[in-house]
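Peer 1: When we follow this note's numbering, the leftmost residue of the sequence shown carries the number 1, and every step to the right adds one.
Dumping the structure here so I can ask a few things about it.
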Amino acid sequence: MTHTLHQSEEGAPTRHILIVDDLGTIEYSIEGMLNRHSAVTSGRLAFETAQVTSPDDIPATVELAQEMAVTYDVALVDLDFGARRAGGSQSHGLTALRLLAQHTPGTRTALYTADVEGNRELMLRAAFELCPHKPNTWISKAAPPPSQADVICDLLDGREPPLGHLRPYFFRPEHLKLRTVCGTRTQLRLWQALALGLENRVQIAAQAGASPSTLDKFVAHAREFILDCMPPPASPEGARAPIPAARSANLALAVRFAYTNRAFFDDPELEQFVDR
């Protein structure tokens, strides 16, 4: 855990930021962005940063801060903590949201994500559609630094960031919401079985403890959701070819999608969001 304090004019409040990210240098990038923001350069706003590289360190970090009469105003939360890398945290951003809500419920949260993170779209949908501890917003690390600093300063000042890119996560048609295809334990077991990469529907159904006909109905039901999650083509020339709706095509599509996103479907935190 690291701490950095940035002073302001006398009498200006010091805001506290907790960064939850396994990239140890990200704190310096955030500090640099904020130090160039007019709210800081004018002396109106001071901020202090602290960073943990695993969500599991949140409780102890918050407790230590509280002993020093410090409360965190904003938390910036990464989604992927390298669980598949040697020594990587087995927790993810969803765990961080839960722990922040439990230990510092007054802290405003922003998901802070790289566009190339695996499972990003599903993690965002889970955070905004399934998680009972919804973040206030999300910030792409690929966004221009001044734009990122604007959003962080808005949060520090208690203002709501513009809805903008969050709109799909609040106003998505019901049949395209994550809960419609991953809202029960049975559905989650089906995704976990599909994520094994098996090709035989009987074997997949057996792994999920379901019948082949239940699997067939599920992958047909999930088809539109899967297509909605897939990134749009970069250009008209690269337009996605129509995917047949036959049973075998639905199964192949679901297996490919689940296997690609297997780290999401195997995340233990997801178990807490689904109905029994």
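All C-beta atoms, glycine included, are put in the ideal place defined by N, C-alpha and C.
Please read these numbers as outputs of a predicted model, since none were measured by experiment.
1. With a threshold of 7 Å on Cβ separation, who are the neighbours of Val70 within its own chain once the five nearest residues in sequence on each side are excluded?
2. Can you give the Cα-Cα distance for Leu76 and Tyr28, rounded to whole angstroms?
3. Quick one, are the C-beta atoms of Leu178 and Ala110 less than 9 Å apart?
4. Between the beta-carbon of Ser140 and the beta-carbon of Thr113, is there less than 9 Å?
5. Who are the near neighbours of Asp73 in its chain, counting only those whose CB is closer than 6 Å to its CB and skipping five residues on each side?
6. Note down the Cα distance separating Val52 from Ala46, rounded to an integer number of angstroms.
7. Quick check on DSSP: helix, strand or coil for Glu67?
8. For Ile58, which option in Ala39, Leu18 and Ile204 has the closest C-alpha, if you only look at C-alpha atoms?
9. Val219 and Leu251 look like a contact to me (Cβ under 8 Å); what is the Cβ gap, rounded to whole Å?
10. Kindly identify the DSSP beta-bridge partner or partners of Ala110.
11. Please check the pair Leu190 and Ala208, which I expect to be a contact at CB under 8 Å, by giving their CB distance rounded to whole angstroms.
12. Thr49 by DSSP, collapsed to three states: which one?
Peer 2: Quick answer:
1. Taking the sequence shown and counting its residues from 1, the one referred to as residue 70 is at position 70. Residues His16 of the same chain have their beta carbon placed closer than 7 Å to that of Val70, with the five preceding and five following residues left out of the count.
2. One-based indexing of the sequence shown puts residue 76 at position 76. One-based indexing of the sequence shown puts residue 28 at position 28. Leu76 and Tyr28 have their C-alpha atoms spaced approximately 13 Å apart.
3. Position 178 of the sequence shown, counted from the first residue, corresponds to residue 178. Position 110 of the sequence shown, counted from the first residue, corresponds to residue 110. Taking 9 Å as the Cβ cut-off, Leu178 and Ala110 do not qualify as a contacting pair.
4. What you label residue 140 is simply residue 140 of the sequence shown in a count that begins at 1. What you label residue 113 is simply residue 113 of the sequence shown in a count that begins at 1. Yes. Within cutoff.
5. Mapped onto the sequence shown, residue 73 falls at position 73. The answer, listed in chain order, is Arg15, His16 and Leu156.
6. The sequence position of residue 52 within the sequence shown is 52, counting from 1. The sequence position of residue 46 within the sequence shown is 46, counting from 1. Val52 and Ala46 have their alpha carbons spaced roughly 20 Å apart.
7. Walking along the sequence shown from the start, residue 67 turns up at place 67. Note: Glu67 maps to helix in three-state DSSP.
8. The residue given as residue 58 occupies position 58 in the sequence shown. Taking only the C-alpha atoms, the option nearest Ile58 is Leu18.
9. The residue given as residue 219 occupies position 219 in the sequence shown. The residue given as residue 251 occupies position 251 in the sequence shown. Confirmed, about 5 Å.
10. Indexing the sequence shown from 1 puts residue 110 at position 110. Leu76 and Thr137, per the DSSP bridge assignment.
11. Against the sequence shown, residue 190 aligns to sequence position 190. Against the sequence shown, residue 208 aligns to sequence position 208. Confirmed, about 5 Å.
12. As a first step, residue 49 is located in the sequence shown; it is residue number 49 there, counting from the start. If DSSP states are grouped into helix, strand and coil, Thr49 belongs with the strands.
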